[in-house]
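Some notes on the structure that comes next.
Number of protein chains: 2
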Amino acid sequence: MLIVQKYGGTSVGSLERIKNVARRIAKFKDEGHDLVVTVSAMAGETNRLVDLVYGLSDDPDPREYDQVVSTGEQVSIGLVAIALKEMGYDAISLTGWQVGMKTDSAHMKARILDVDTEKIKKYLKEGKIVIVAGFQGIDEEGNITTLGRGGSDTTAVALAAALKADLCEIYTDVDGVYTADPRIVPKARKLDKISYEEMLEMASLGAKVLQIRSVEFAMKYNVPLVVRSSLNFNPGTIITKEDKEMEKVLVSGVTYNKNEAKISIRRVPDRPGIAAKIFEPLKEANINVDMIIQNISKDGYTDLSFTVARNEMKKAVEIVKKVAEEIGAEGVEWDDTIAKVSIVGVGMRSHPGVAAIMFKTLADNNINIMMISTSEIKISCVIDEKYTELAVRVLHDAFNLDKEPEEGE
Amino acid sequence: MLIVQKYGGTSVGSLERIKNVARRIAKFKDEGHDLVVTVSAMAGETNRLVDLVYGLSDDPDPREYDQVVSTGEQVSIGLVAIALKEMGYDAISLTGWQVGMKTDSAHMKARILDVDTEKIKKYLKEGKIVIVAGFQGIDEEGNITTLGRGGSDTTAVALAAALKADLCEIYTDVDGVYTADPRIVPKARKLDKISYEEMLEMASLGAKVLQIRSVEFAMKYNVPLVVRSSLNFNPGTIITKEDKEMEKVLVSGVTYNKNEAKISIRRVPDRPGIAAKIFEPLKEANINVDMIIQNISKDGYTDLSFTVARNEMKKAVEIVKKVAEEIGAEGVEWDDTIAKVSIVGVGMRSHPGVAAIMFKTLADNNINIMMISTSEIKISCVIDEKYTELAVRVLHDAFNLDKEPEEGE
Numbered sequence: 001m002l003i004v005q006k007y008g009g010t011s012v013g014s015l016e017r018i019k020n021v022a023r024r025i026a027k028f029k030d031e032g033h034d035l036v037v038t039v040s041a042m043a044g045e046t047n048r049l050v051d052l053v054y055g056l057s058d059d060p061d062p063r064e065y066d067q068v069v070s071t072g073e074q075v076s077i078g079l080v081a082i083a084l085k086e087m088g089y090d091a092i093s094l095t096g097w098q099v100g101m102k103t104d105s106a107h108m109k110a111r112i113l114d115v116d117t118e119k120i121k122k123y124l125k126e127g128k129i130v131i132v133a134g135f136q137g138i139d140e141e142g143n144i145t146t147l148g149r150g151g152s153d154t155t156a157v158a159l160a161a162a163l164k165a166d167l168c169e170i171y172t173d174v175d176g177v178y179t180a181d182p183r184i185v186p187k188a189r190k191l192d193k194i195s196y197e198e199m200l201e202m203a204s205l206g207a208k209v210l211q212i213r214s215v216e217f218a219m220k221y222n223v224p225l226v227v228r229s230s231l232n233f234n235p236g237t238i239i240t241k242e243d244k245e246m247e248k249v250l251v252s253g254v255t256y257n258k259n260e261a262k263i264s265i266r267r268v269p270d271r272p273g274i275a276a277k278i279f280e281p282l283k284e285a286n287i288n289v290d291m292i293i294q295n296i297s298k299d300g301y302t303d304l305s306f307t308v309a310r311n312e313m314k315k316a317v318e319i320v321k322k323v324a325e326e327i328g329a330e331g332v333e334w335d336d337t338i339a340k341v342s343i344v345g346v347g348m349r350s351h352p353g354v355a356a357i358m359f360k361t362l363a364d365n366n367i368n369i370m371m372i373s374t375s376e377i378k379i380s381c382v383i384d385e386k387y388t389e390l391a392v393r394v395l396h397d398a399f400n401l402d403k404e405p406e407e408g409e
Numbered sequence: 410m411l412i413v414q415k416y417g418g419t420s421v422g423s424l425e426r427i428k429n430v431a432r433r434i435a436k437f438k439d440e441g442h443d444l445v446v447t448v449s450a451m452a453g454e455t456n457r458l459v460d461l462v463y464g465l466s467d468d469p470d471p472r473e474y475d476q477v478v479s480t481g482e483q484v485s486i487g488l489v490a491i492a493l494k495e496m497g498y499d500a501i502s503l504t505g506w507q508v509g510m511k512t513d514s515a516h517m518k519a520r521i522l523d524v525d526t527e528k529i530k531k532y533l534k535e536g537k538i539v540i541v542a543g544f545q546g547i548d549e550e551g552n553i554t555t556l557g558r559g560g561s562d563t564t565a566v567a568l569a570a571a572l573k574a575d576l577c578e579i580y581t582d583v584d585g586v587y588t589a590d591p592r593i594v595p596k597a598r599k600l601d602k603i604s605y606e607e608m609l610e611m612a613s614l615g616a617k618v619l620q621i622r623s624v625e626f627a628m629k630y631n632v633p634l635v636v637r638s639s640l641n642f643n644p645g646t647i648i649t650k651e652d653k654e655m656e657k658v659l660v661s662g663v664t665y666n667k668n669e670a671k672i673s674i675r676r677v678p679d680r681p682g683i684a685a686k687i688f689e690p691l692k693e694a695n696i697n698v699d700m701i702i703q704n705i706s707k708d709g710y711t712d713l714s715f716t717v718a719r720n721e722m723k724k725a726v727e728i729v730k731k732v733a734e735e736i737g738a739e740g741v742e743w744d745d746t747i748a749k750v751s752i753v754g755v756g757m758r759s760h761p762g763v764a765a766i767m768f769k770t771l772a773d774n775n776i777n778i779m780m781i782s783t784s785e786i787k788i789s790c791v792i793d794e795k796y797t798e799l800a801v802r803v804l805h806d807a808f809n810l811d812k813e814p815e816e817g818e
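Respectively, the protein sequence lines represent chains A and B.
Its first residue numbered 1, the first sequence is counted upward by one per residue in the numbering used here.
Its first residue numbered 410, the second sequence is counted upward by one per residue in the numbering used here.
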């Protein structure tokens, strides 16, 4: 098998850990697999480099930022290759430009355009283990680019897609994707399998095991993805195309997000173009709006609520106050003590009544729902922040997530 | 003017120092010069990276060593460019491969073969200050190479040669090249000008202001070199072609070297091929031999002495003992409490009697000469180590090196 593996910064955070990673890689090589391995910078190293840059400028040149910060991965790939060679395995490290990881020129958040596979294939044919720097690439002009934080996951998936690898394994410090945060729900169960779509909803909601862009990429190119722990040999969670089996399950997981804040505009005149008037200036200020709720109007007025990232609430409120005055709304309210609790599952598509179970469960536990938003495979409720853990636990119970789904359920 | 400047690791050793270097570069830019600037890794950084590598392997793969260690300069060029941009100057950093610094594949000690000037010239034409990573290059296969310690000087000279720069300035923490080590001879005088040949003899003898290979390179391509301090705006020392003026000066400087040890073989049978028998095995063991003295033979036997680096003496003695037995010599003696004191000057070529003055001066001060070796522009004497400082001082006096050479002397 051709396997692409990715090890994060914690996995290569010290020389001892690098040796561990090398032993793990060697084990797979011994089993007869061809291996392409992506590694992140040693834990702490990227922060050190970023601090140097911002020590010189609050608004550093993005090209030079990438020039500096990309060295973190260059160091770790060299070290992993050295550790493997020391163990008697033939390995070679390749930076983003050496491998031909072509990106656009959007420094600090570049997107991968194309991956040259010629060099990697040549080295694989020679029996070498190929270690590729994550997080980085090269643009058309020969400038070094970086993919933004967490970009090493995307590097691994892009390599797997380009090489048509049999498997892309993302190693992290958890055993896989869980039905809920195990710190909140001790009974949370590791999922054996989850669909790309579900993973996307989980990731964006705070289950931070995988970089969201890497999942999009995997979905687009149909790369079989596995998230597993670098500390043991447990099988992890497979992230793959939706299949019949998955659809039988009502809900795959419960997630939450405490990093949002709610803003409401009272008595907005219900005229065409009003929503644009409100959200255009927010967009211009680069404020990301998540949920938007507008109820039917009464007497030509409506209430409009939305959520933004908590650290952008102040800025957003200032903008919205001005707009509210302009359009003749009654006033603006805001609240940063909220949380969003969501249930995710492709089974919702074919099983009606999932929302009703969620609302009843929250009501039975005296948890008031402030906002509701739904998608095909997700239902989110905004509630008072202090009930977050309780809500996650009772929902986990209500959908029996601690139990392995039964055949034909 | 097109000026190539090089700043060492101490000059960019902290963010504060990087800002200082940026201000200095900006000053030259303000004066209307075109600037290409080479920087070393931040002081301590190369050692940190080397330690990481040797923490994994006592004999690391040289290609991977270069992959890791070359990141030090990549960080510092990015930071210098950021500091310049922050001051409002247009700057761009280029790694060895981005600039097209082509080397052979001798990792850890690569030699520069060719420098692409196209990219640099394009950026200069755009008014940019071009910051180039010292110490590194790229081989034909696209592997990163390093030039070995001190290689940033060579990078600067190679750039100056390829760009046909008007000047190559090497910035360091001393004001220039002195007639002797100022810590030993407080009256030591900074030289305004010195020939490439003299500098080569001085450098190899321990006046460690300049990497010796960079001087060879400058001599070969006739690059006007200046060594000066990054801490002030003093003019420094010009290193250039020998001229009439220089030839009038008997001696330019006095240097010493305490890092050698002496080995003597007593009563070597004086047969053809004997020297080869002795020095071949040393060469095979990678031991560098410096001075070799063989006196005329008596009764078909001769004594043979030579010096090696002090930390290689033990290894050398072991080898030589074996050889001595094989060839039937009387025995081997060694001494690591010696020093080599040398006077250097192109004027020696045309002024007889310089050696005599040196020997008499040492004799007058009761300093015994153990070995003598001469070249066209250098006379070296091996003496007891404890007299080193005294010898340097009395020779400095004897040749009036504290006084500016008079016109027509």
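The beta carbon of each residue, even a glycine, is placed where N, CA and C say it ideally should be.
**Q.** Segment limits, beta strand (DSSP E) that includes Gln211/A
**A.** Taken as a continuous stretch (DSSP letters only), Gln211/A belongs to no beta strand (DSSP E), as it is neither H nor E.
Q: For Val226/A, I'd like the list of residues in its chain whose CB is within less than 6 angstroms of its CB, leaving aside the five on either flank, ordered along the chain.
A: Sequence-distant partners of Val226/A (beyond 5 residues in either direction) whose C-beta falls short of 6 angstroms from its own C-beta, in its chain, are Glu169, Gly236 and Ile238.
Q: May I ask you to list, following chain order, the residues of the region 464-480 of chain B that have a beta carbon less than 7 angstroms from some beta carbon of chain A?
A: Gly464, Leu465, Ser466, Pro469, Asp470, Glu473, Gln476, Val477 and Thr480
Q. Lys812/B to Val658/B, Cα distance in whole Å?
A. If you take the alpha carbons of Lys812/B and Val658/B, they lie about 11 angstroms apart.
Q) When the Cα atoms are used, what is the spatial distance from Asp773/B to Ala800/B? A) 11 angstroms
(Q) Quick check: the Cα distance between Leu424/B and Ala492/B, rounded to an integer number of angstroms? (A) 9 angstroms
Q) From the DSSP output, which residues share a beta bridge with Asn257/A? A) Lys340/A
Q.
For a contact defined as C-beta to C-beta under 8 angstroms, what are the partners of Ala490/B on chain A?
A. Under the 8 angstroms cutoff, chain A gives Asp61, Glu64 and Gln67.
Q. Shorter than 9 angstroms from the beta carbon of Leu282/A to some beta carbon of chain B?
A. no
Q: For chain D, find out if any of its Cβ atoms is closer than 9 angstroms to the Cβ of Leu147/A; answer yes or no.
A: Absent from the structure: chain D. Protein chains present are A and B.
Q. Within 10 angstroms of its Cβ, does Val4/A collect 16 or more other Cβ (buried), or is it exposed?
A. buried
Q. Going straight from the alpha carbon of Gly347/A to that of Lys378/A, what length do you get?
A. 10 angstroms
Q: To the nearest angstrom, report how far apart Phe768/B and Lys707/B are at their CA atoms.
A: 25 angstroms
Q. For a contact meaning CB atoms closer than 7 angstroms, what does Ile129/A contact in chain B?
A. Within chain B, no residue comes near Ile129/A; the closest Cβ sits about 12 angstroms away, beyond 7 angstroms.
Q: List the residues that DSSP assigns as beta-bridge partners of Lys602/B.
A: Ile647/B
Q) With Ser252/A and Leu191/A assumed to form a contact (beta carbons below 8 angstroms), what rounded beta-carbon distance in angstroms separates them? A) Their Cβ separation, rounded to whole angstroms, is 6 angstroms, which keeps Ser252/A and Leu191/A in contact under 8 angstroms.
Q: Please go through the same chain and pick out, in chain order, the residues whose beta-carbon is closer than 6 angstroms to the beta-carbon of Ile701/B, but skip the five residues on each side of it.
A: Phe715
Q. With a cut-off of 9 angstroms, does the C-beta of Ser442/A fall near any C-beta of chain B?
A. Nothing about residue 442/A can be reported from this structure: the residues present for chain A run from 1 to 409 only.
Q) Beta carbon of Thr588/B, beta carbon of Val663/B: below 9 angstroms? A) yes
Q | Delimiting residues of the alpha helix (DSSP H) encompassing Val323/A | A | Met313 to Ile327
Q: Figure out for me which residue from Val677/B, Pro591/B and Glu654/B has the closest Cα to the Cα of Asn704/B.
A: Val677/B
Q: Tell me Gln5/A's beta-bridge partners as DSSP assigns them.
A: DSSP, once it has assigned bridges, lists Val37/A and Glu169/A as partnering Gln5/A.
Q | Own chain partners of Arg758/B with C-beta closer than 8 angstroms, once the 5 adjacent residues on each side are dropped | A | Glu656, Glu785 and Ile786
Q) For Ala490/B, which of Ala567/B, Val446/B and Phe642/B has the nearest alpha-carbon? A) Val446/B
**Q.** Residue from Val753/B, Arg457/B, Lys667/B and Glu742/B whose Cα sits closest to the Cα of Asn720/B
**A.** Lys667/B
Q. Sorted by chain position, which residues of the same chain lie with C-beta nearer than 6 angstroms to Lys340/A's C-beta, five sequence neighbours on each side aside?
A. Asn257, Glu260, Ser380 and Val382
Q) What whole-angstrom Cβ distance do Lys730/B and Tyr580/B have, given they're in contact under 8 angstroms? A) The beta-carbon distance between Lys730/B and Tyr580/B, rounded to whole angstroms, is 47 angstroms. This is too long to meet the 8 angstroms contact definition.
Q. In chain order, what residues of the same chain lie with their CB nearer than 8 angstroms to the CB of Arg592/B, ignoring the 5 residues before and after it?
A. Exclusion of the five residues before and after Arg592/B leaves no residue of its chain whose Cβ lies closer than 8 angstroms to its Cβ.
Q) Can you check whether the CB of Asp584/B is closer than 9 angstroms to the CB of Asn643/B? A) yes
Q: Determine the chain A residues that contact Gly551/B at a beta-carbon separation under 7 angstroms, and present them in chain order.
A: Gln98
Q: Identify the contact partners of Gly487/B in chain A, using a Cβ-Cβ distance below 7 angstroms as the criterion.
A: Glu64, Gln67 and Val68
Q: Quick one: list the residues of chain A neighbouring Leu461/B, beta-carbon separation under 8 angstroms, in chain order.
A: Leu15, Val75 and Leu79
(Q) At the level of alpha carbons, what is the spacing between Val99/A and Lys262/A? (A) A straight-line Cα-Cα distance of about 45 angstroms links Val99/A and Lys262/A.
(Q) Against chain A, does Gly817/B count as a neighbour if the rule is that its beta carbon must be under 9 angstroms from one of theirs? (A) In this predicted model, Gly817/B has a pLDDT of only 46, less than 50, meaning its place in the structure is not dependable enough to derive any value.
(Q) Helix, strand or coil for Glu818/B? Go by DSSP, reduced to three states. (A) The pLDDT assigned to Glu818/B is 42, lower than 50, so where the model puts this residue is not dependable; a value taken from the coordinates is nonetheless given after this. Glu818/B falls in the coil class under three-state DSSP.
Q) Looking only at DSSP bridge pairs, what is Ser502/B linked to? A) Ile540/B
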